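>
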Amino acid sequence: MEGTFCVVGGDGFIGSSLVKSLLDRGCSVHATIFPTPGKEDFHYLQLLPGAHERLKLFNADLRMEGCFDSPIQGCQGVFLVASPMDIVYNDPENEVVDVAIKGTLNVLKSCVKARSVKRVVLTSSSCAMSPLNEQGEFNTKPNSVEFCWSPVHYFRTNTQKFPIWPYFVSKTLAEQKALNFAAENNLDIVTIGPSVVGGPFITPYIPGSVQAIVLSFRPGNEKLLMSVGRSIMSAFGTFPVVHISDVCNAHIFLMEQPTAQGRYLCSPHGLSVKEIAEFLTTRYSHYQITDKLQDVVDSAVPPNTQFKSGKLTELGFSFKYGLEEIFDDSFNLTTREAC
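For the sequence shown, numbering that gives the first Met the number 0 begins at 0 and goes up steadily by one.
1) Check whether the Cβ of residue 137 lies closer than 8 Å to any heavy atom of the ligand GTP, and answer yes or no.
2) Do you know how far the Cα of residue 195 is from the Cα of residue 265?
3) Within its chain, find whatever has a CB closer than 6 Å to the CB of residue 337; leave out the 5 residues flanking it on each side and keep chain order.
4) I'd like to know whether the C-beta atoms of residue 23 and residue 197 end up nearer to each other than 9 Å.
5) Counting only the same chain and skipping the five closest in sequence on each side, list residues whose C-beta sits under 8 Å from that of residue 299.
6) Exposed or buried, residue 40, counting other C-beta atoms within 10 Å across all chains shown (16 or more means buried)?
7) Residue 12: buried (16+ other C-beta within 10 angstroms of its C-beta) or exposed?
8) From residue 77 to residue 6, what does the alpha carbon distance come to, in whole angstroms?
9) When you compare only the Cα positions, how much space is there between residue 185 and residue 49?
10) What's the C-alpha gap between residue 262 and residue 315?
11) Buried or exposed: residue 169, going by 16 or more other Cβ atoms within 10 Å of its Cβ?
12) If we require 4 or more residues per run, which alpha helix (DSSP H) segments fall completely within the segment 44-90?
13) Please report the straight-line C-alpha distance between residue 27 and residue 19, rounded to a whole angstrom.
14) Beta-carbon within less than 6 Å of residue 99's beta-carbon, same chain only, minus the 5 sequence neighbours each way: which residues are those?
15) Tell me, please, which residues DSSP counts as bridged to residue 190.
16) Under a three-way DSSP split, which group does residue 348 fall into?
17) Assuming residue 207 is part of the alpha helix (DSSP H), what are its boundary residues?
18) Per DSSP, what kind of secondary structure is residue 268 in: helix, strand or coil?
19) With a threshold of 8 Å, are at least 3 pairs of Cβ atoms found where one atom belongs to the segment 101-108 and the other to the segment 55-68?
20) DSSP three-state label for residue 299, please.
21) What residues in its chain sit with their C-beta under 7 Å from that of residue 80, if we drop five residues either side in the sequence?
22) With contact counted as at least three CB pairs below 8 Å, one residue from each stretch, are the segment 224-235 and the segment 124-138 in contact?
23) Near residue 200, which residues of its chain fall below 8 Å by C-beta distance, leaving aside the five closest residues on each side in sequence?
24) Is it true that the CB of residue 318 sits closer than 9 Å to the CB of residue 241?
25) Would the beta-carbon of residue 283 fall within 9 Å of that of residue 252?
26) How would you label residue 321, buried or exposed, when you count the other beta carbons within 10 angstroms and need 16 or more for buried?
27) Note down, in chain order, each residue of its chain lying with its Cβ closer than 6 Å to the Cβ of residue 113, except the 5 sequence neighbours on either side.
28) When the Cα atoms are used, what is the spatial distance from residue 260 to residue 189?
29) Considering Cα atoms alone, identify which of 269, 97, 281, 47 is closest to residue 176.
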């Protein structure tokens with residue numbers, strides 16, 4: 000793989016890992032970053048192998064139209080990873096949903112203006128592909144998960160069942176707007192929806208999805224387990240997980256694959272919360288697992304074994320990482336960082 004690629008949101012978990020993967024392949028990378036209080040040091044990107052010669056960082060704000068013109072100019076491909084991730088907010092519609100939609104469109108407008116962009120790979124989320132309908136019932140026999148759109152109205156009106164509903168809604172609406180914009184502007188776009196992402200990270204903080212996999216099962220973190228675990232289990236009927244390296248490889252695969260089109264779920268594994276807790280207890284005998292909320296989170300949620308990648312593997316992509324590696328890489332690094 001050769002050429003120059005822009006990673007919008009290069010300072011996040013997936014974005015920074017994708018920057019590293021592209022540099023490792025010999026690509027030149029334009030990465031956008033968004034400094035916030037406490038997150039103003041980007042040496043973890045600048046010190047990556049090949050970064051001195053082939054990485055350029057650009058400050059960019061999703062809310063500001065036009066600020067992505069410069070980083071995207073001259074790039075043949077754009078990975079649009081950035082999206083609001085906070086689960087603590089005062090005004091979720093304005094702080095999360097609207098920012099996600101407007102930010103996505105701002106980036107795509109810059110892609111059209113650049114004229115050099117051959118394809119955009121948009122990082123959506125499995126949260127945009129829930130097989131629930133607007134009545135809260137599972138579609139047990141969908142032709143493909145990729146045909147499912149998360150029920151936005153149902154999420155908005157059942158906030159206790161879906162505590163992190165703004166993220167689900169923002170990802171769903173932003174992806175829909177992106178696909179419509181691309182069709183209207185003759186822009187080649189492919190979307191990928193990773194599930195809960197685990198594995199090693201280069202950011203100086205523990206990513207939220209890694210916390211969901213590991214930290215939420217520790218005693219004292221029951222609130223995190225209830226908010227994240229309940230939302231995910233209620234939306235999918237399973238707790239789907241994927242390794243960060245598979246996520247990055249899938250992004251690059253979809254950028255390179257000429258026949259790729261439409262939406263792709265990126266999720267090879269799924270378990271119940273109780274199965275995850277049992278897995279961690281068995282694999283890490285010294286690891287304290289909360290036993291208070293496993294049944295509560297899993298209760299009244301019919302198991303859904305259909306929620307896993309099919310379209311992506313049919314295109315020729317192979318997942319390389321199993322459950323053991325996802326949890327080992329998440330647990331070992333998280334434990335070290337938390338000490």
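Glycine included, C-beta positions come from ideal geometry on N, C-alpha and C. Since this is a predicted model, take the numbers as computed values, not measurements.
On the basis of the coordinates in this document:
1) Annotation note on the ligand GTP: not contained in the displayed structure, which lists no ligands.
2) Those two C-alpha atoms are separated by around 10 Å.
3) Because the pLDDT of residue 337 is 46, which lies under 50, any placement of that residue in the model is unreliable, and the number read from its coordinates should be weighed accordingly. No residues qualify anywhere along the chain.
4) Their beta carbons are not under 9 Å apart, which means residue 23 does not touch residue 197 by this criterion.
5) At residue 299, the pLDDT of 48 sits below 50, so the modelled position is not reliable and the matter cannot be decided from this model.
6) Classification of residue 40: exposed, given that the 10 Å Cβ count is below 16.
7) Classification of residue 12: buried, given that the 10 Å Cβ count is 16 or more.
8) Here the alpha carbon of residue 77 sits roughly 6 Å from the alpha carbon of residue 6.
9) About 34 Å.
10) So the two alpha carbons sit approximately 15 Å from each other.
11) The residue is buried, with at least 16 neighbouring Cβ atoms inside 10 Å.
12) Runs of the alpha helix (DSSP H) inside the segment 44-90: 50-53, 68-71.
13) Rounded to the nearest angstrom, the two C-alpha atoms are 11 Å apart.
14) Hits under 6 Å: 82, 83, 169, 173.
15) Residue pairing for residue 190: DSSP places it in a beta bridge opposite 121, 262.
16) Residue 348 cannot be examined here, being either before or after the span of the chain that is shown, 0 to 338.
17) Per DSSP, residue 207 belongs to the alpha helix (DSSP H) from 207-212.
18) Three-state result, residue 268: strand.
19) For the pair of segments examined, the segment 101-108 was found to touch the segment 55-68: the number of CB pairs separated by less than 8 Å reaches three.
20) Confidence in residue 299 is poor, its pLDDT being 48 and thus under 50, which makes the residue's placement unreliable; the coordinate value appears in the next sentence. Note: residue 299 maps to coil in three-state DSSP.
21) Same-chain partners within the cutoff: 6, 7, 8, 11, 13, 14, 17, 122.
22) Using a C-beta cut-off of 8 Å, the segment 224-235 makes contact with the segment 124-138, since at least three inter-stretch Cβ pairs fall below that distance.
23) These residues qualify, in order along the chain: 12, 15, 16, 206, 209, 243, 332.
24) Yes.
25) Contact flag unset, no.
26) Exposed.
27) If we look at residue 113 and ignore the five residues flanking it on each side, its Cβ neighbours are 71, 72.
28) Residue 260 and residue 189: Cα-Cα distance of roughly 5 Å.
29) The candidate whose alpha carbon is nearest that of residue 176 is 97.
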